[in-house]
Amino acid sequence: MIADVAFDAPVDHPFSYRVPEGWVLAPGQRVLAPLRGAPRVGVVVALREGPAEALKPLAGLVDAGPLLSSSALDLARWIAAESLTSLGSTVLALLPPPAAARGSGPSATAGARISRAPELAGGRATDPAPEAERADVAHGATPSLLVGPSRDARLLALLAQTDQPALILTADVESAGRWAQRLERVGPVVRLDSSVADAERAAAWTALPTRGPRFAVGTRSAMLAPLPPGAMLALVDEQDPAHRPPGHPRMHAREVALERAARDGLRAVFTAATPSAEMWWRGERGDVRVAAAPPGPWPAVTVADTRGIARREALTPPLARAIRETLAAGRRVFLIVSRLSSALGCDECGMILKCPECAIALAYSPAGRTLGCRLCGTAAALPGTCPGCGGRRLMPFGWGAERVEHAVRRRFARARIARYDPDAAAGRRGQGQREAALAADVVVGSRGALRLFGPASLGLAGFVSPDQMLGLPDFRAAERTFALLWAAAERVRPDGAVIVQSQNPTHYALEAVARQDLAAFYGTELKFRAELGYPPIRRLAIVTVDAPLAAADRAATAVVAALGGAPGLTVYAPTPDRRNRARRIVVKGGPDLPRALRDGLRDLRAPPRGAPGRGIIDVEVDPLEWPF
DNA sequence: AGCACGCCGACT
DNA sequence: GTCGGCGTGCTC
Numbered sequence: 019m020i021a022d023v024a025f026d027a028p029v030d031h032p033f034s035y036r037v038p039e040g041w042v043l044a045p046g047q048r049v050l051a052p053l054r055g056a057p058r059v060g061v062v063v064a065l066r067e068g069p070a071e072a073l074k075p076l077a078g079l080v081d082a083g084p085l086l087s088s089s090a091l092d093l094a095r096w097i098a099a100e101s102l103t104s105l106g107s108t109v110l111a112l113l114p115p116p117a118a119a120r121g122s123g124p125s126a127t128a129g130a131r132i133s134r135a136p137e138l139a140g141g142r143a144t145d146p147a148p149e150a151e152r153a154d155v156a157h158g159a160t161p162s163l164l165v166g167p168s169r170d171a172r173l174l175a176l177l178a179q180t181d182q183p184a185l186i187l188t189a190d191v192e193s194a195g196r197w198a199q200r201l202e203r204v205g206p207v208v209r210l211d212s213s214v215a216d217a218e219r220a221a222a223w224t225a226l227p228t229r230g231p232r233f234a235v236g237t238r239s240a241m242l243a244p245l246p247p248g249a250m251l252a253l254v255d256e257q258d259p260a261h262r263p264p265g266h267p268r269m270h271a272r273e274v275a276l277e278r279a280a281r282d283g284l285r286a287v288f289t290a291a292t293p294s295a296e297m298w299w300r301g302e303r304g305d306v307r308v309a310a311a312p313p314g315p316w317p318a319v320t321v322a323d324t325r326g327i328a329r330r331e332a333l334t335p336p337l338a339r340a341i342r343e344t345l346a347a348g349r350r351v352f353l354i355v356s357r358l359s360s361a362l363g364c365d366e367c368g369m370i371l372k373c374p375e376c377a378i379a380l381a382y383s384p385a386g387r388t389l390g391c392r393l394c395g396t397a398a399a400l401p402g403t404c405p406g407c408g409g410r411r412l413m414p415f416g417w418g419a420e421r422v423e424h425a426v427r428r429r430f431a432r433a434r435i436a437r438y439d440p441d442a443a444a445g446r447r448g449q450g451q452r453e454a455a456l457a458a459d460v461v462v463g464s465r466g467a468l469r470l471f472g473p474a475s476l477g478l479a480g481f482v483s484p485d486q487m488l489g490l491p492d493f494r495a496a497e498r499t500f501a502l503l504w505a506a507a508e509r510v511r512p513d514g515a516v517i518v519q520s521q522n523p524t525h526y527a528l529e530a531v532a533r534q535d536l537a538a539f540y541g542t543e544l545k546f547r548a549e550l551g552y553p554p555i556r557r558l559a560i561v562t563v564d565a566p567l568a569a570a571d572r573a574a575t576a577v578v579a580a581l582g583g584a585p586g587l588t589v590y591a592p593t594p595d596r597r598n599r600a601r602r603i604v605v606k607g608g609p610d611l612p613r614a615l616r617d618g619l620r621d622l623r624a625p626p627r628g629a630p631g632r633g634i635i636d637v638e639v640d641p642l643e644w645p646f
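Numbering (my numbering), first residue to last: 19 to 646.
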């Protein structure tokens, strides 16, 4: 017997090993296998008969049985193909950490002999009832997206009503903890995220179909956990970028959840305060049912026009007045700042200099006094005057947390003011920062500081300069600003206020938040995306070529040439990174973009023997962050 | 990914 | 004369 084993390595093909006599193995099971001398953890992706004498034997077992059904393994193949990740890296990233690896030798063999594969739902080998599965697909409903007020309560009610087991996936461990607590009042819960000990986590993996807990809660890493037929799959806060954590596979949990639900006939439910444009678009096409609740109480949202005044003063009179009144009422204030951007704007009319082709902000390099488009690579000369109004004051934006804190301190000397940055607070020295922020009257922070506040807990949220965010050279800039503002508004009491200072006071993202109108925002946003061929209408990928200095341009040119001929692809000119070593090439395509990239780059990634090095080619499909 | 092999610069 | 930098190639 031969086992084909895939490893966590950027190698497309599996490696073949001899299965020692008497071992019981199944695809989807982790094993130890010698690779370049040392035993490494891999996953069995296929078993076959054949001449095995020349092959090295497997060294041991990691799991007593397969952790993936054949349908889960097929789903992993799909994920790998979509994200251009190797199958081994995909699978091993989406399995719970090994409880305890078994070494080679008699004990391993004995362990293998007595091991029995757990019964996995949907597994071809263990699945007793394909008819039942088909019936499930038949009654597998269109996925739902819960938006609007009391989403959590509505999801909870749905989970409680259906009487079916469910896998609940959250964006982070904190949220997983909250959901586990809530669900414990409904039925037994197991947790699949990293907050529980490895052994417990491993036991939870197969518990849902076999031992009858009602709910399993986890993060994306629990996505392939076995589920019984008819189970529900819930993805909380589908728009959260944390659903696409760093590392492999580079794919958003939303996309995997939709695919899994369709394949396994599961009922899928998503929630979002502000859905991703991807999800809203599916709603418009009827692929997802958008379940909106009637608008709930909403704070008064005011957009304060800062054209011509914001450079000198962080707080406009309306915002300063609102802070004073909120503090007098004994309520809390949150001032939202965003990280400094590299865009250039007109101080007089508020216009942001954008690429005429791509409609994203041109990146301003103060050192070279140059402007460049990070999508198409076009360089532009620095204009002397604003192309919009002829004004002479073109300046980079800039209201960082520190400057804002200082400005508030000057005006409100007696208030307790704290800056909060979750990254800084995570360190040992930052422990006091969180407590200070929780006790403060005024908190200054960016998106991450929202976690300090519960729903309707603030008297005032003030967005000092959303223009910085709106001006980021990223086609998702409006979506992100909209999401942040909406999330802030949800944390303000209905009798409180939201004040947005902007040089673009009529921007559709700001107006949509003021009117509590999701549809208004996505209507405009999707029109913009469609006109310029951005996701979700078309797909994007970033090909990065990292080559020795002299070869970088040649390697990038080779990539452009290799992809240029493919039908349906738009390939942009390579742009150098800051260190002028790597070259980035943006590629637009259709639904089959991953396959087109794989086919187009195949020859470059596997150069013929003796050919000059082509450098390291990295492909990121459907990037969330613009890495410029 | 890791890890070994291979060919060019500053040291005991 | 070596030690070591990373660029290159391979792993059943």
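The C-beta atom is built at its ideal place from N, Cα and C for all residues, glycine as well. It should be emphasised that the depicted structure is a prediction, and the values quoted were computed from it without experimental measurement.
About 12 Å separates the CB atoms of L65 and R36; that is not less than 8 Å, and the two are not in contact. Secondary structure of E638 (DSSP, three-state): strand. DSSP, read as helix, strand or coil, puts V23 in strand. Ranked by Cα distance from G418, the first of L176, T588 and M487 is M487.
In the DSSP assignment, D323 falls within the unbroken beta strand (DSSP E) covering A318 to D323. One alpha carbon belongs to T388, the other to R599, and they sit about 19 Å apart.
Distance from the CA atom of P405 to the CA atom of P484, rounded to whole angstroms, is 22 Å. When DSSP states are grouped into helix, strand and coil, S475 belongs to the coil group. When A538, D513 and R229 are compared, the shortest CA-CA separation from T524 is found for A538. Here the alpha carbons of G402 and L110 stand approximately 54 Å from one another. Counting only residues of its own chain and dropping the five nearest sequence neighbours on each side, A338 has a CB closer than 8 Å to the CB of R429. Contact between P32 and D22 holds: CB atoms are separated by about 4 Å, below the 8 Å threshold.
Look at K74 here: in three-state DSSP terms it is coil, with no helix or strand label.
Per DSSP, the unbroken beta strand (DSSP E) holding I354 starts and ends at V351 to I354.
Beta-bridge annotation (DSSP): D564 is paired with A600 and I634. In terms of CA proximity to Q182, F233 leads the group Q47, I327, A70 and F233. C391 and C376 have their C-alpha atoms some 8 Å from each other. Taking 8 Å as the cut-off, the Cβ atoms of Y540 and A295 count as close.
Boundaries of the beta strand (DSSP E) around G363: L362 to C364.
Judged by their CB atoms, L93 and R281 are nearer to each other than the 8 Å cut-off. The C-beta of D513 has fewer than 16 other C-beta atoms within 10 Å across all chains shown, which makes the residue exposed. Selection V531, A507 and P414 evaluated against P491 yields P414 as nearest (Cα-Cα). Taking C-beta atoms as the reference points, A580 and L619 count as a pair closer than 8 Å. Between the stretch 167-187 and the stretch 248-265 there are three or more inter-stretch CB-CB distances shorter than 8 Å, so the stretches are counted as touching. Straight-line spacing of the CA atoms in G582 and R547 works out to 23 Å. Residue state for S88 is assigned as helix, using DSSP reduced to three classes.
By DSSP's assignment, R300 forms no beta bridge with any residue. DSSP places F33 inside the beta strand (DSSP E), whose first and last residues are F33 to R36. Listed in chain order, the beta strand (DSSP E) elements of length 3 or more contained wholly in the stretch 514-590 are 557-564. Restricting attention to alpha helix (DSSP H) runs no shorter than 4 residues, the stretch 448-516 encloses them at 449-457, 484-488 and 495-508, ordered along the chain. A straight-line Cα-Cα distance of about 38 Å links P293 and L622. By the Cβ criterion, the stretch 265-272 is in contact with the stretch 99-113, since at least three pairs of Cβ atoms, one from each stretch, lie closer than 8 Å. Straight across, the Cα-Cα distance linking L393 with A309 is about 35 Å. Within the same chain, Cβ atoms closer than 7 Å to the Cβ of L276 are found at P161 and A286, the five residues on either side in sequence being excluded. G304 is the residue among A397, I634, G304 and A220 whose C-alpha sits nearest the C-alpha of L163. With respect to A178, V204 sits close: the two C-beta atoms are nearer than 8 Å.
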